[in-house]
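Report on one structure; see the data block that follows.
Protein chains: 6
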Amino acid sequence: MSSTRYERGWEKLKEIDGEAGERVIANLKDIAPDLARYTIEFPFGDVYCRPGLDVKSREIATVAALTALGNAAPQLKVHINAALNVGCTRTEIVEVIIQMAVYAGFPAALNGISAAREIFRARDEKGQS
Amino acid sequence: MSSTRYERGWEKLKEIDGEAGERVIANLKDIAPDLARYTIEFPFGDVYCRPGLDVKSREIATVAALTALGNAAPQLKVHINAALNVGCTRTEIVEVIIQMAVYAGFPAALNGISAAREIFRARDEKGQS
Amino acid sequence: MSSTRYERGWEKLKEIDGEAGERVIANLKDIAPDLARYTIEFPFGDVYCRPGLDVKSREIATVAALTALGNAAPQLKVHINAALNVGCTRTEIVEVIIQMAVYAGFPAALNGISAAREIFRARDEKGQS
Amino acid sequence: MSSTRYERGWEKLKEIDGEAGERVIANLKDIAPDLARYTIEFPFGDVYCRPGLDVKSREIATVAALTALGNAAPQLKVHINAALNVGCTRTEIVEVIIQMAVYAGFPAALNGISAAREIFRARDEKGQS
Amino acid sequence: MSSTRYERGWEKLKEIDGEAGERVIANLKDIAPDLARYTIEFPFGDVYCRPGLDVKSREIATVAALTALGNAAPQLKVHINAALNVGCTRTEIVEVIIQMAVYAGFPAALNGISAAREIFRARDEKGQS
Amino acid sequence: MSSTRYERGWEKLKEIDGEAGERVIANLKDIAPDLARYTIEFPFGDVYCRPGLDVKSREIATVAALTALGNAAPQLKVHINAALNVGCTRTEIVEVIIQMAVYAGFPAALNGISAAREIFRARDEKGQS
């Protein structure tokens, strides 16, 4: 049922993205509530719940892609946070971003590191790993 | 020493990318031999040799990024092959590519699957997993 | 129900993309059947069925975006066909593509025109408008 | 005559983009006055004046392309405004942006909605539709 | 006068792009003749005729940009040819492309070298430098 | 020797990018010191030190590419500064950026001019050309 995709996706989104993800959804409620629903249902209710790839690897893939694309800073920050939430180390995230210098150029990697620094500092302030 | 980066990189490239990687290098020898050298030294001699992220995760990151960028089909194919060479399953690769529908759109994911199909078939013919 | 999204999406896909869309789905069945299902459910079962924007405008938006991105030629061709299927004129499609010279540069527009020429010729051979 | 393209383009730019467009031109006057002139002459004097596609459809195409490209936030905002100026509804603009989740990924659509929210609020303050 | 931009642009296009450029224009004549005209008038009649930057530097800028964007192979080939036509050496072109590994990643540079190889061979066959 | 690439790169980076480049490196020292080292060694120690293309042409290529990509504003600003440091005139930089309207669209060129304006003003305040 559609409600199952939504409920499953909402749980997954909270588990992975935490408060940052909930804020994204809340911000959509005023002018694009259906995009909020789709964001819960398709990425989280369908894709992140799939077997066949562990969630740590999924976040590595997402951090890599968003660093390489270089035009989605808010979402990259959400997913650096998410990667740490699901058990990636800061070192692993930095390694993924450095590797993107090879595939998308040094500016993409440098801007990825800026995003990581911001998230790492925010987590330091909250005493998070 | 510079020769060490080259030697280490050349071993790594052969281990990861196999024959497809060697062909890329051979093709550069005529008009851009120094780009061949840089390709061995920086991505493979420097980056892929780094500790802090296992090589399977590195290939997941690369397949994700190249699928999302969508403008580097030859390199995506080399790295789908490479991912299988270092122990990723076909299922894991397909999962990474499907996930890119979320971050880079359905056309990027559909074209990524086309690249995967081509590599999977070529490996079937050689009896490779 | 999930089956409703699928059924609704499948009807919509056939109505809009015609045979070309069915071939895309058929091609996914071997190695990524779930991506076939998502392609039917999310773009067609969810998005293209929405009220609030007529389907002609939806295809104009898609042709514009795929021309501008410039890295998804197969999908651009499917949607030039789709735009004609839902009532856009060839002139309207050419106008959208020319306009992309402004927003994504002349190469994007020139490559968009190449895609349009190919589709227009294929339709000429079938006696389609 | 060249002056005709300029005059025609300047009228078109004011009609479509309004004050926001005039500010873009004014800002170029100091260091790149010829780019100001080209922006008036080619996009507005040549392209937007063409018959064959109505101006509402032209703005839908532009909002779609700029949302999908994801690297031109100032111009996307100008054209969300422009789309409303020429008769698109807020709903139609939101629909175009949601649809871009399919072709360019959810981050592109989410950032497009952020741009729309900013423009809608600014127009609310001025009592504009 | 508009005809002056066209005539000036046509001469410039033939001088810089040679036969390859003329073919691009000829190919547009059937379905998008006005895009042919704009391609002559704006890039060549307006931009390439400007003082303030020599034509060799203009072609270096274009080869760099098209290599970095990575989604416009036909136009990159035209401009590698054009760069050689206006006095760039093959070495200079290869250097520009190698440098793009830094700013757009190794895949962009590798694909740029493939384009250069194709053009260099075609010129070898014609006995051109 | 590896130390030679680093030393040579560090001198080149200071010569070309000046203080802005040194700040980029300093900012990396906390969380990605090896990316700082790679940025010195590969782009500056390897690529910018190569014969075959003068450094002014190299900066023209970089400004063109970063303007066209449109997703690396901090690096574009560093390289507009760098281009001026190595002898490009402000006019030449503005010409390169205007030309990018042809290859990457007007938004890319307009945003490139915004970056140039910011750098030109900062240099005015320091009495730099």
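Those sequence lines, one after another, are chains A, B, C, D, E and F.
Per my numbering, residue 1 is the first one in the first sequence, and the count goes up by one each step.
Per my numbering, residue 130 is the first one in the second sequence, and the count goes up by one each step.
Per my numbering, residue 259 is the first one in the third sequence, and the count goes up by one each step.
Per my numbering, residue 388 is the first one in the fourth sequence, and the count goes up by one each step.
Per my numbering, residue 517 is the first one in the fifth sequence, and the count goes up by one each step.
Per my numbering, residue 646 is the first one in the sixth sequence, and the count goes up by one each step.
All C-beta atoms in this analysis are idealised placements derived from N, C-alpha and C, irrespective of residue type, glycine included.
| field | Any chain F beta carbon closer than 7 angstroms to residue 127 (chain A) | value | False, the Cβ-Cβ gap to chain F never drops below 7 angstroms.
| If residue 582 (chain E) sits next to residue 591 (chain E), beta carbons under 8 angstroms apart, how far is it from one beta carbon to the other, in whole angstroms? | Indeed they touch by this definition, with Cβ atoms about 6 angstroms apart.
| request: Tell me, please, whether the segment 690-701 of chain F touches the segment 612-626 of chain E by the rule of three or more beta-carbon pairs shorter than 8 angstroms. | output: The answer is yes - the segment 612-626 of chain E touches the segment 690-701 of chain F, with three or more Cβ pairs under 8 angstroms.
| query | Nearest-angstrom Cα distance between residue 522 (chain E) and residue 396 (chain D)? | reply | Their backbone Cα atoms lie some 18 angstroms apart in a straight line.
| task | Could you tell me the boundaries of the alpha helix (DSSP H) in which residue 341 (chain C) lies? | result | Residues 331-343.
| said: With a threshold of 7 angstroms between beta carbons, is residue 560 (chain E) in contact with chain D? | reply: So, not an interface residue.
| Is residue 12 (chain A) buried or exposed, if buried means 16 or more other CB atoms sit within 10 Å of its CB? | With 16 or more neighbouring CB atoms inside 10 Å of its own CB, residue 12 (chain A) falls in the buried class.
| Using a C-beta cutoff of 7 angstroms, does residue 377 (chain C) count as contacting chain B? | Chain B places no beta carbon closer than 7 angstroms to that of residue 377 (chain C), leaving this residue out of the contacts.
| Integer-rounded CB distance, given that residue 748 (chain F) should sit under 8 angstroms from residue 717 (chain F) | Contact check for residue 717 (chain F) and residue 748 (chain F): beta-carbon distance about 16 angstroms, past the 8 angstroms limit, so the pair fails to qualify.
| task | Determine the direct distance from the alpha carbon of residue 262 (chain C) to that of residue 82 (chain A), and round the result to whole angstroms. | result | Each residue's alpha carbon lies about 32 angstroms from the other.
| field | residue 257 (chain B), enclosing alpha helix (DSSP H) - first and last residue | value | Counting along the chain, residue 257 (chain B) falls outside any alpha helix (DSSP H), and DSSP gives it neither H nor E.
| Taking C-alpha atoms, which residue in A:112, A:125, A:123, A:126 lies nearest to residue 673 (chain F)? | Taking the Cα of residue 673 (chain F) as reference, the smallest distance to any Cα among A:112, A:125, A:123, A:126 is reached at A:112.
| query | Between the C-alpha atoms of residue 547 (chain E) and residue 752 (chain F), what's the straight-line distance to the nearest angstrom? | reply | Straight-line Cα distance between these residues: approximately 27 angstroms.
| said: My assumption, with CB atoms under 8 angstroms, is that residue 593 (chain E) sits in contact with residue 641 (chain E). Please give the rounded CB distance. | reply: Rounded to the nearest angstrom, the Cβ distance from residue 593 (chain E) to residue 641 (chain E) is 15 angstroms, too far for a contact under 8 angstroms.
| query | What number of angstroms, rounded off, separates the C-alpha of residue 166 (chain B) from the C-alpha of residue 409 (chain D)? | reply | Going from the Cα of residue 166 (chain B) to the Cα of residue 409 (chain D) covers about 51 angstroms.
| Candidates F:725, F:754, F:745, of which the one nearest residue 820 (chain F) by Cα | Nothing can be reported for residue 820 (chain F), as the shown portion of chain F is limited to 646 through 774.
| query | Would a C-beta distance cut-off of 7 angstroms place residue 60 (chain A) and residue 238 (chain B) closer than the cut-off? | reply | No, the Cβ-Cβ distance between residue 60 (chain A) and residue 238 (chain B) is not below 7 angstroms.
| said: For residue 176 (chain B), would you say it is in contact with chain D, using Cβ-to-Cβ distances shorter than 7 angstroms as the test? | reply: No, because no Cβ of chain D sits closer than 7 angstroms to the Cβ of residue 176 (chain B).
| field | Cα-Cα separation, residue 144 (chain B) to residue 16 (chain A) | value | One C-alpha to the other measures close to 34 angstroms.
| said: On the CB-based measure, 16 or more other CB atoms within 10 Å of its CB, does residue 559 (chain E) come out buried or exposed? | reply: By the C-beta density criterion, residue 559 (chain E) is buried, having at least 16 other C-beta atoms within 10 angstroms.
| query | Whose Cβ in chain E lies nearer than 8 angstroms to the Cβ of residue 112 (chain A)? | reply | The contacting residues do not exist; residue 112 (chain A) stays about 13 angstroms from chain E at best.
| Going along the segment 153-173 of chain B in order, which residues come within less than 8 angstroms of chain F, judged by CB to CB distance? | Cβ contacts with chain F: 163, 167, 171.
| Going by beta carbon distance, what residues of the same chain come within less than 7 angstroms of residue 215 (chain B), once the five residues before and after it are set aside? | So the list reads 145, 184, 185, 188, once near-sequence residues are dropped.
| message | 7 angstroms is my cut-off, CB to CB: does residue 439 (chain D) come that close to chain C? | response | Taking Cβ atoms only, chain C reaches closer than 7 angstroms to residue 439 (chain D), which makes this a yes.
| Run through DSSP, which three-state label would residue 180 (chain B) get? | Reduced to three states, the DSSP call for residue 180 (chain B) is coil.
| said: Since residue 632 (chain E) and residue 164 (chain B) should fall inside the 8 angstroms C-beta cutoff, what is the C-beta to C-beta distance between them, to a whole number of angstroms? | reply: 11 angstroms between Cβ atoms; not a contact.
| task | Return the CA-CA distance between residue 219 (chain B) and residue 363 (chain C), expressed in angstroms with no decimal places. | result | Cα to Cα, the separation comes out at about 38 angstroms.
| field | CB of residue 193 (chain B) within 7 angstroms of CB of residue 26 (chain A), strictly | value | Not a contact, by the Cβ cut-off of 7 angstroms.
| said: Against chain A, does residue 188 (chain B) count as a neighbour if the rule is that its beta carbon must be under 7 angstroms from one of theirs? | reply: No, no contact with chain A.
| request: Mind listing, in chain order, the continuous alpha helix (DSSP H) runs of no fewer than 4 residues lying wholly within the segment 278-302 of chain C? | output: Qualifying alpha helix (DSSP H) stretches, in chain order: 291-297.
| query | Which bits of chain D does residue 107 (chain A) rub up against, with CB to CB less than 8 angstroms? | reply | In chain order: nothing, as chain D lies at least about 12 angstroms away.
| query | Taking all protein chains shown into account, do 16 or more other C-beta atoms lie within 10 angstroms of the C-beta of residue 586 (chain E), making it buried, or fewer, making it exposed? | reply | Label assigned to residue 586 (chain E): buried.
| message | I need the straight-line Cα distance from residue 128 (chain A) to residue 114 (chain A), nearest angstrom please. | response | It is roughly 19 angstroms from the alpha-carbon of residue 128 (chain A) to the alpha-carbon of residue 114 (chain A).
| field | Contact set for residue 663 (chain F): own chain, Cβ-Cβ below 6 angstroms, skip 5 residues either direction | value | 730, listed in sequence order.
| request: Return no unless some Cβ of chain D is closer than 7 angstroms to the Cβ of residue 327 (chain C). | output: The Cβ of residue 327 (chain C) sits closer than 7 angstroms to at least one Cβ of chain D.
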